[in-house]
Amino acid sequence: MSEDLTTTQSEGGNKVSAFVRREIGRVAALASLVIIFTFFTIMRPVFASWANVSGGILMSTTVIGLLAIGVTFVIITGGIDLSVGTSMALVAVITGKTVMAYDLNVWTGILFGMLVGGLLGAINGLLITVLKLPAFIATLATMKGAQGLALIISDMKPILFATDVEGWDQIARGNIIPNFPNAVLILFVAAIIGSLILNKTVLGRYNFAIGSNLEATKLSGVKVNRWLVAIYALCGVYVGLAAVVITSRLGSAQPDLGLGYELEAIAAVIIGGTSLFGGKGTIGGTVIGALIMSVLINGLRILELQQEWQYVVVGAVILFAVFADNLRRRRAGDTTV
Amino acid sequence: MKKGLMAVAAVAALALVTGTAAPVTAADKTLKIYLISKGETHQFWQAVKLGAETQAKKMNAEIVFQGPAAETMIDKQLEMLDAAIAVKPDAIGYAALGTTQSVPNLKAANDAGIPVYMFDTAASCPGKLGVASDCALGVAYTNSTAAGALAADKMSALLKGKGKVLVVGHSQTNQTGIDRANGFINQIKKKHKGIKLLKTQYAEGGDALKAQEIISAALVANKDLKGIYGTNEGVSIGAGQAFKAAKLKNGAVKLIGFDSGKQQIANIKSGLQTGAITQSPMGIGAKTVEALVNYVRNKTVPKPLIDTGFYYYDAKNISDPTVAGNLYE
């Protein structure tokens, strides 16, 4: 009887330690998030008020968070997408113009934005697979192209359309759940769906397989190119959703906004424990990574640290987060990063 | 007697007619002036063009207005400048895109005997501007520091001289951005000591989303925040959206922005935003043409720096012709 008990206990212990080992990236990221959050709360309690948590921190995570989820799929394949920021601006501009021209309602507008985003993503995928361009170069080109097109289509002027479409401003600011901004709900639902796609579908399985060993995946008969186009398109759908959210948050489409957002998104992905070399990563980690960034930036603003120093601190935290992650992996005998 | 009077009148009338028509000399021929701007299609430049053309009509001059498609096309603009010099117009007005790159071209214009006056943005001319310069006679531009100071005076008046105010700049590196922010800050420190300034924050590039997030955080951290000054259109838009997100009552926090644009104008009309400073693009065009025509025709040496003016506008005076002509959507 007593022997049985000890066996189960040690088995349970093994399970727990196995879980911790498997999930340590996310656990470590979550722990940093809690530590940073606690630090700011002690420094200024108003930081932890719901008004700041929902309207400041969570709301600030929505756009970068959605971009980061999209780019997580791409990074797990071992690729990169530098175009997510300016593509977002382009989708915002095209959606704004189209919604105005055809008098679309809010739901059609949202779907349209996601569709355009998906198409832009598919173009990236095709450049990489058909023209065999390195992802870095292909998406650098589309990043520039999207930036230019957004300016051309908008005639370099913001497109004020949200006030003309009933419900558009509610996409971000409305509350289906009381006191909980819809944009944050969208982020969480999009994260759960993303996580399901990554872990429970064929696309998710091939996503990891391509990132771990492209050649082996090809040899096993998987039509790698098609799946890659699909994965870049999926990333684009998230970019489209981010575009919808940002137009709702701003009440307009800003054509010159988005450059630099791709790096913030990629930073969130890496802080969340996804490997830049592919084959490893989680959506949950990415969301935590994006939260770390926005908690940090919001906290420094609440403390009213001089802006120049805010940049320095953010840079240092990114460095530290990735360094700590590398160190832990090396100790665990993981040589991929 | 009557006849005599009429004859006198007729002679006088004739004299009047011939008097105005007689000296058809070089001094009164229609002057041809090329204005090489930073752009053509943007409404700001359209307003510059309109101001220039209106002034030109008054002074018997003709304007050729050219600018590249985008403000990054320095080489394209320099080609336009060279082409204008080749035509040998009576004068050239120039808004510098390549502030250093354009200096040799401007020297070429002077060598060809074409007077140059700059507008909106000066090139980095060596030495002092004026007749002795082989670069340009001067520059007509918006004094951003003074415009920032006007915003400070208005803010102080709105807050009756006391309260916490946050400045959100749109650039820490661009001179216009720096001047707009510092003009405000220095005026507050000098003249309105009851106003407490929070640390200035920057939404780099006028990023409306970053501005919104900065202001949302500031509203949380400072329950007694009374005013916000945003130095460009993007910052003003972001501030308005932050107010909406925080469900503030209109006017609870005063917001003075800069420039115009559809959304900012709508926000001022609805009361979400208190007011804004606008430059006077029409004034930039008019003053440039005035300076050049007077110089060519009367050898009146223009001032090396002409402040083309700016206005504070709010819901009350937004439709006044002096203001409305300078706003763009």
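Chains as they are written, first to last, in our numbering: chain A, -15 to 321; chain B, 976 to 1304.
For glycine and all other residues, C-beta sits at the position ideal for the given N, C-alpha and C.
The structure presented is a predicted model; accordingly, all values stated were derived computationally and were not measured.
Contacts between residue 171(A) and chain B, judged by CB atoms closer than 7 angstroms, are missing: the closest CB pair is about 15 angstroms apart.
When CB distances to chain A are screened at a threshold of 9 angstroms, the residues of the segment 1165 to 1191 of chain B falling below it are 1173, 1174, 1175, 1176, 1177, 1179, 1180, 1181, 1182, 1183, 1184, 1185, 1187, 1188, 1189 and 1191, in chain order.
Here the C-alpha atom of residue 1254(B) lies approximately 53 angstroms from the C-alpha atom of residue 310(A).
C-alpha of residue 166(A) to C-alpha of residue 1219(B): approximately 15 angstroms in a straight line. The secondary-structure analysis by DSSP pairs residue 1094(B) across a beta bridge with 1115(B). Residue-level contact check: residue 62(A) does not touch chain B, since none of the beta carbons of chain B fall below 8 angstroms from its beta carbon. Contacts with chain B at 8 angstroms (Cβ-Cβ) include residue 282(A). In this structure, the CA atom of residue 1258(B) is about 46 angstroms from the CA atom of residue 251(A). From the listed residues 170(A), 31(A), 259(A) and 285(A), the smallest Cα separation to residue 273(A) is found for 259(A). When 29(A), 271(A) and 264(A) are compared, the shortest CA-CA separation from residue 174(A) is found for 271(A). The C-beta distance from residue 70(A) to residue 127(A) rounds to 5 angstroms, short enough to fall under 8 angstroms. Secondary structure note for residue 270(A): its alpha helix (DSSP H) is the uninterrupted segment 267 to 286. In the displayed model, residue 1283(B) falls within coil according to three-state DSSP, outside both helix and strand.
At a cut-off of 8 angstroms between beta carbons, residue 140(A) contacts chain B. Bridge partners of residue 1007(B) according to DSSP: 1037(B). Counted as a single uninterrupted DSSP element, the alpha helix (DSSP H) harbouring residue 1150(B) occupies residues 1150 to 1166. Listed in chain order, the non-local C-beta contacts of residue 1011(B) below 8 angstroms within the same chain comprise 1041, 1042, 1052, 1055, 1056, 1059, 1067, 1068, 1069 and 1070, local neighbours out to five positions each way being set aside. Look at the segment 35 to 60 of chain A: the residues with a C-beta under 8 angstroms from a C-beta of chain B are 35, 36, 39, 40, 43, 44 and 47.
Of all residues in the segment 1235 to 1254 of chain B, those with a C-beta nearer than 8 angstroms to a C-beta of chain A are 1236, 1237, 1238 and 1241, reading in chain order. In this structure, residue 156(A) and residue 236(A) do not form a Cβ contact; the two beta carbons are roughly 12 angstroms apart against a cut-off of 8 angstroms. The distance from the Cβ of residue 1112(B) to that of residue 1090(B) is about 6 angstroms, consistent with a contact at the 8 angstroms cut-off. For residue 1142(B), the secondary structure class from DSSP, reduced to helix, strand or coil, is strand. Taking 3 residues as the shortest admissible run, the segment 1012 to 1073 of chain B contains the following complete beta strand (DSSP E) segments, listed from N- to C-terminal end: 1036 to 1041 and 1066 to 1069. Within chain A, the residues placing a beta-carbon under 9 angstroms from that of residue 1016(B) are 139 and 140, ordered along the chain. Proximity of the segment 1137 to 1151 of chain B to the segment 1166 to 1175 of chain B meets the contact definition, three or more beta-carbon pairs being nearer than 8 angstroms. Excluding the 5 residues flanking it on each side, residue 120(A) has same chain C-beta neighbours closer than 6 angstroms at 64, in chain order. Sequence-distant Cβ neighbours of residue 1224(B) in its own chain, meaning closer than 6 angstroms and more than five residues away, do not exist here. For residue 1303(B), there is no enclosing alpha helix (DSSP H), since its DSSP letter is neither H nor E. Assignment of beta-bridge partners to residue 1289(B) by DSSP yields 1250(B). A direct Cα-to-Cα measurement between residue 1102(B) and residue 26(A) gives close to 56 angstroms. Classified as exposed, residue 1003(B) has fewer than 16 neighbouring CB atoms from the shown chains inside 10 Å of its CB. Residue-level contact by beta carbon fails for residue 250(A) and chain B, as no gap is shorter than 8 angstroms. Runs of the alpha helix (DSSP H) spanning 4 or more residues and lying entirely within the segment 1165 to 1230 of chain B occur at 1183 to 1196 and 1208 to 1220, in chain order. Taking residue 31(A) as the centre and dropping the five residues before and after it, the same chain places the C-beta of 24, 25, 283 and 286 closer than 7 angstroms to its C-beta, in chain order.
One alpha carbon belongs to residue 264(A), the other to residue 196(A), and they sit about 8 angstroms apart. Counting only Cβ-Cβ distances below 7 angstroms, residue 1216(B) has contacts in chain A at 233, 234 and 235, in chain order.
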